[in-house]
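Trainee:
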Amino acid sequence: MPETTPTLAIAELETATDAVAFRTLNEAWIERYFTLEDEDRAILGDPTGRIVEPGGAVFVARLDDEVIGCIGIMPVGDRVFELVKMAVSPAHQGHGTGRKLIAAALDRARALGAQRVALESNSALASAVHLYEAFGFRHLEHDEIAPSPYVRADVHMVLDLV
Numbered sequence: 145m146p147e148t149t150p151t152l153a154i155a156e157l158e159t160a161t162d163a164v165a166f167r168t169l170n171e172a173w174i175e176r177y178f179t180l181e182d183e184d185r186a187i188l189g190d191p192t193g194r195i196v197e198p199g200g201a202v203f204v205a206r207l208d209d210e211v212i213g214c215i216g217i218m219p220v221g222d223r224v225f226e227l228v229k230m231a232v233s234p235a236h237q238g239h240g241t242g243r244k245l246i247a248a249a250l251d252r253a254r255a256l257g258a259q260r261v262a263l264e265s266n267s268a269l270a271s272a273v274h275l276y277e278a279f280g281f282r283h284l285e286h287d288e289i290a291p292s293p294y295v296r297a298d299v300h301m302v303l304d305l306v
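Letter 156 of the sequence shown, counting from 1, is numbered 300 in the numbering used here, and no numbers are missing.
Next comes the structure, spelled out in structure tokens:
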């Protein structure tokens, strides 16, 4: 019998298992590089209540039945959304999963009428920052940066959709 190539599918958060994968994938990278913060715990503990119900979306990347990545798009202001909690399991990085997750989140932001998408990251996550730049996100000037709930946030970027 011939081997089948696993297929990658990007889908919305649907089950408790998806929510656990969202939390676990994010906790893994955060704890690998930084320290889990209160805002992380709040969002990762309740992605539906903190991201989806206020008008955003959470997407998971499934390789067959395994969730290997995730991302959220969360409303933070009038027609402004934030790209949050992108994670791809280390074994599956470098294969375009992050790019597909960002594309899905930006498509949803546009469909929701977003004019701007913001994000926060850290300069230690160079490949993620380069990926955001490839999508057209620009680095904010010092006087454009709003206070962050994250101690680790030293990269602040936006993408204007209009």
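For each residue, glycine too, the CB sits at the ideal point set by N, CA and C.
Is there contact here, the segment 209-228 with the segment 242-254, by at least three beta-carbon pairs under 8 Å?
Mentor: With a cut-off of 8 Å, the segment 242-254 and the segment 209-228 count as touching, because enough Cβ pairs lie within range.
Trainee: Considering only residues of the segment 162-248, which uninterrupted beta strand (DSSP E) runs meet the minimum length of 3 residues and lie entirely inside it, listed in chain order?
Mentor: With a minimum length of 3 residues, the continuous beta strand (DSSP E) runs that stay inside the segment 162-248 are 201-207, 210-221 and 224-232.
Trainee: Is there contact here, the segment 182-191 with the segment 270-280, by at least three beta-carbon pairs under 8 Å?
Mentor: Flag = no, the segment 182-191 and the segment 270-280 do not touch.
Trainee: Tell me which residues share the same chain as residue 162 and place their Cβ nearer than 7 Å to its Cβ, disregarding the 5 neighbours each side in the sequence.
Mentor: Answer for residue 162: 204 and 211, listed in chain order.
Trainee: For the alpha helix (DSSP H) holding residue 275, just list the boundary residues, first then last.
Mentor: First-last of the alpha helix (DSSP H) with residue 275: 270-278.
Trainee: Closest to residue 268 by C-alpha separation, out of 177, 232, 220 and 260, would be which residue?
Mentor: Ranking the options by Cα distance to residue 268, first place goes to 177.
Trainee: Rank 256, 305, 216 and 179 by C-alpha distance to the C-alpha of residue 295 and give the top, closest one.
Mentor: Selected option, being the one with the closest Cα: 179.
Trainee: Measure the C-alpha to C-alpha separation of residue 208 and residue 154 and round it to an integer number of angstroms.
Mentor: Whole-angstrom Cα-Cα distance: 11 Å.
Trainee: Considering only residues of the same chain and omitting the five flanking positions on each side of residue 260, which have a CB-CB separation below 6 Å?
Mentor: Around residue 260: 224, 302 and 304.
Trainee: Quick one: what's got a C-beta closer than 8 Å to residue 293's C-beta in the same chain, skipping five residues either side?
Mentor: Excluding residues within five positions, the ones whose Cβ falls inside 8 Å are 181, 182 and 183.
Trainee: Between residue 196 and residue 214, is the Cβ-Cβ spacing less than 8 Å?
Mentor: No, they are not a contact pair.
Trainee: Span of the beta strand (DSSP E) holding residue 261?
Mentor: Run containing residue 261: 260-265, per the beta strand (DSSP E) assignment.
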